[in-house]
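Residue numbers (my numbering): 169 to 393.
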Ligand SMILES: Nc1ncnc2c1ncn2[C@@H]1O[C@H](COP(=O)(O)OP(=O)(O)OP(=O)(O)O)[C@@H](O)[C@H]1O
Ligand SMILES: [Mg+2]
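The following block contains the structure:
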């Protein structure tokens, strides 16, 4: 099983207002296999978001390395990291950040426009990805005309549209009821099984764990499995 992402000895210290230091990550070693669903679980404050930010090049470790696709991304310039994030990675967050004045279709199209796709490709991909997440009949709805789970599915369609190598999802189900959460996680599972997508997701919800290929448990900045 090929590893797409590997963290080696990753630490992250935050210096807060009074000058004291929070050791949010204390030497994390973990890896994410290509074409698999990996879950990071742990209590609030255990370091899940901090870790996902390191893996997704949204933040840099204080020490340690993160290898993505064979390359240590912690050593790259900001510009190079931006490029990797834009073209190879996608992010889905707890609160769905859709443009409220745009329809589902326009939201997905907008992401593709930013990534520089021409009109024909945008139309083809936006439609395919919205169908993929089960929203073929809701493409012309604005976020306010969609349920919470449907909105999160639009965000997932948008994440998929530029065909990333990996999707990072930080508590993507936290604002959804448990039934809807299950649908979102089933969708992730299907993307992994059918599309060979690689997904890293954080969650508090222990009922979602059974669906993961691999679970890492964080406690106070350390992996405790
Ligand atoms: N920018 C920051 N400055 C200072 N401390 C921070 C910062 N970001 C996170 N922390 C601290 O680092 C620790 C880990 O935070 P993190 O957000 O990674 O937790 P989490 O596991 O994602 O929690 P939750 O489940 O509540 O989202 C916490 O103690 C938090 O207070
Ligand atoms: Mg968090």
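In this text, a Cβ means the ideal position worked out from N, Cα and C, and glycines have one as well.
**Neighbour-count burial assignment, residue 211, 16 or more Cβ in a 10 Å radius** = exposed
**Message:** Using only the alpha-carbon positions, how far apart do residue 196 and residue 235 sit?
**Reply:** 13 Å
**Item:** Those residues, in chain order, that have a beta-carbon closer than 7 Å to some heavy atom of ligand 2
**Value:** 216, 217, 338, 339 and 370
**Message:** Let me check you understand the geometry: is the CB of residue 195 closer than 7 Å to at least one non-hydrogen atom of ligand 1?
**Reply:** no
**Prompt:** Does the Cβ of residue 369 have 16 or more other Cβ atoms within 10 Å, making it buried, or fewer, making it exposed?
**Reply:** buried
**Prompt:** Which partner residues of residue 382 appear in the DSSP bridge assignment?
**Reply:** 206
**Request:** Provide the residue(s) that pair with residue 289 in DSSP beta bridges, ordered along the chain.
**Result:** For residue 289, which the question treats as bridged, DSSP gives no partner whatsoever.
**Message:** What ranges does the beta strand (DSSP E) occupy inside the stretch 344 to 380, keeping only unbroken runs of at least 3 residues that lie completely in it?
**Reply:** 366 to 371
**Item:** Nearest residue (CA-CA) to residue 301, options 290, 249, 319 and 311
**Value:** 319
**For residue 171, three-class secondary structure by DSSP** = strand
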